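Numbering (the numbering used here), first residue to last: 95 to 436.
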């Protein structure tokens, strides 16, 4: 390399940047075959490259080492059209769920929040049971779309790689309410959806949203639409972040296209601790139950992992910490995740 060439320092800096990103942006723990929607084999890499929306970018950011840490998704939908996928059986469940969310675009109160190098807008639509005695399965349906940004060689802030979209359905525990379940939706989806390098700010982003949402008491079905923008940490400045946030309005109006993955998760269930009087004095000689995470006595703020053969109960705060790393039960390793099969 000619040291007198003015482009030489730029090339060296880009090489160092790629090496740094490879270490920073490790893939999530759960990026495995269980994330496949239809159970089919993953398409050939050549086809993926041809259909990527951002493959016309000749920047070195397209190198395989520059991975955002997102889950690889086998199903691709190029354009959002509620009728486009009806000839394909495997697309019907996904397309049908999209049509349910048309009302979200009319939400009069979108919630904006920002945390670190991330920002986003959340829109909500809640449907109540029509009859007082009506009891149907409560759930939260979330469309979570995030778009990455970086600074180009010319110093401009621009979209980096393709936008990622995840569809997640959270079943609300029996006897629970949607508002309380929203608190657990963020930690539960973290290991599955958040890019590893930005997991902390994205968790904070969801916490801000969850604390601000007002869900009707009788809400049986809650539909959420989240648009998130992420600026590469290396390029973060306040001025650049303002430019990224200014793009949110345009992103929210864009059609849903690109990669999709559909997942269903059961949320941790609240547990009411037993009072001493409820044991009738029989429990005096028994050992006190301990939280498997912190080994402290289980007294208040308790939750149970759903679906375990034996009930595994934890402190709520301890389980939130555990969910930052994995969606598996800390005791038996049972997952919250199941695939949506329509």
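From the three backbone atoms N, C-alpha and C, an ideal C-beta is built for every residue, glycine too. None of the values given here were measured: they were computed from a predicted structure.
Along the chain, where does the alpha helix (DSSP H) that runs through residue i open and close?
| i | result |
| --- | --- |
| residue 280 | 272 to 287 |
| residue 342 | 342 to 347 |
| residue 297 | 293 to 306 |
| residue 256 | No alpha helix (DSSP H) holds residue 256; the beta strand (DSSP E) holding it covers 251 to 265. |
Can you list, in chain order, the residues of its chain with a C-beta nearer than 6 Å to that of residue i? Leave out the 5 residues immediately preceding and following it.
| i | result |
| --- | --- |
| residue 209 | 295, 298, 299 |
| residue 414 | 281 |
| residue 426 | 402 |
| residue 330 | 211 |
| residue 283 | 262 |
| residue 337 | 251 |
| residue 410 | 395, 397 |
| residue 327 | 211 |
| residue 359 | 264, 282, 430, 431 |
| residue 339 | 213 |
Between residue i and residue j, which are expected to be in contact by the criterion C-beta below 8 Å, what is the C-beta distance as a whole number of angstroms?
| i | j | result |
| --- | --- | --- |
| residue 417 | residue 281 | 4 Å |
| residue 216 | residue 303 | 5 Å |
| residue 407 | residue 392 | 6 Å |
| residue 254 | residue 243 | 6 Å |
| residue 323 | residue 214 | 7 Å |
| residue 279 | residue 203 | Contact flag wrong, Cβ pair sits at about 19 Å. |
| residue 441 | residue 334 | The structure shown has nothing for residue 441, since the chain only spans 95 to 436. |
| residue 222 | residue 356 | That pair is no contact at about 25 Å. |
So what does DSSP say about residue i, is it helix, strand or coil?
| i | result |
| --- | --- |
| residue 398 | strand |
| residue 334 | helix |
| residue 411 | helix |
| residue 317 | strand |
| residue 247 | coil |
| residue 417 | helix |
| residue 327 | helix |
| residue 429 | strand |
| residue 422 | strand |
| residue 121 | Confidence at residue 121 is low in this model, with a pLDDT of 39, below 50, so its placement is unreliable and the value that follows should be read with caution. Three-state result, residue 121: coil. |
Excluding the five sequence neighbours on either side, which residues of its own chain have a C-beta within less than 8 Å of the C-beta of residue i, listed in chain order?
| i | result |
| --- | --- |
| residue 309 | 218, 220, 271, 272, 273, 276, 316 |
| residue 387 | 408, 409, 412, 413, 415, 416, 424 |
| residue 306 | 205, 207 |
Please confirm whether any heavy atom of the ligand GTP lies closer than 7 Å to the CB of residue i.
| i | result |
| --- | --- |
| residue 335 | Although the ligand GTP was asked about, the structure shown includes no ligands whatsoever. |
Where do the ends of the beta strand (DSSP E) carrying residue i lie?
| i | result |
| --- | --- |
| residue 205 | 205 to 209 |
| residue 221 | 212 to 222 |
| residue 364 | 363 to 365 |
In chain order, what residues of the same chain have a beta carbon less than 7 Å from the beta carbon of residue i, not counting five sequence neighbours either side?
| i | result |
| --- | --- |
| residue 231 | 265 |
The stretch 260 to 272 in contact with the stretch 233 to 251 per 3-pair CB rule at 8 Å: Of all C-beta pairs linking the stretch 260 to 272 to the stretch 233 to 251, three or more are shorter than 8 Å, placing the two stretches in contact.
The stretch 306 to 318 in contact with the stretch 398 to 415 per 3-pair CB rule at 8 Å: Not touching, per the Cβ criterion.
Stretch-stretch touch, CB-based, cutoff 8 Å, three pairs: the stretch 286 to 293 with the stretch 381 to 396: By the Cβ criterion, the stretch 286 to 293 is not in contact with the stretch 381 to 396, since fewer than three pairs of Cβ atoms, one from each stretch, lie closer than 8 Å.
The stretch 357 to 366 in contact with the stretch 329 to 348 per 3-pair CB rule at 8 Å: No, the stretch 357 to 366 is not in contact with the stretch 329 to 348.
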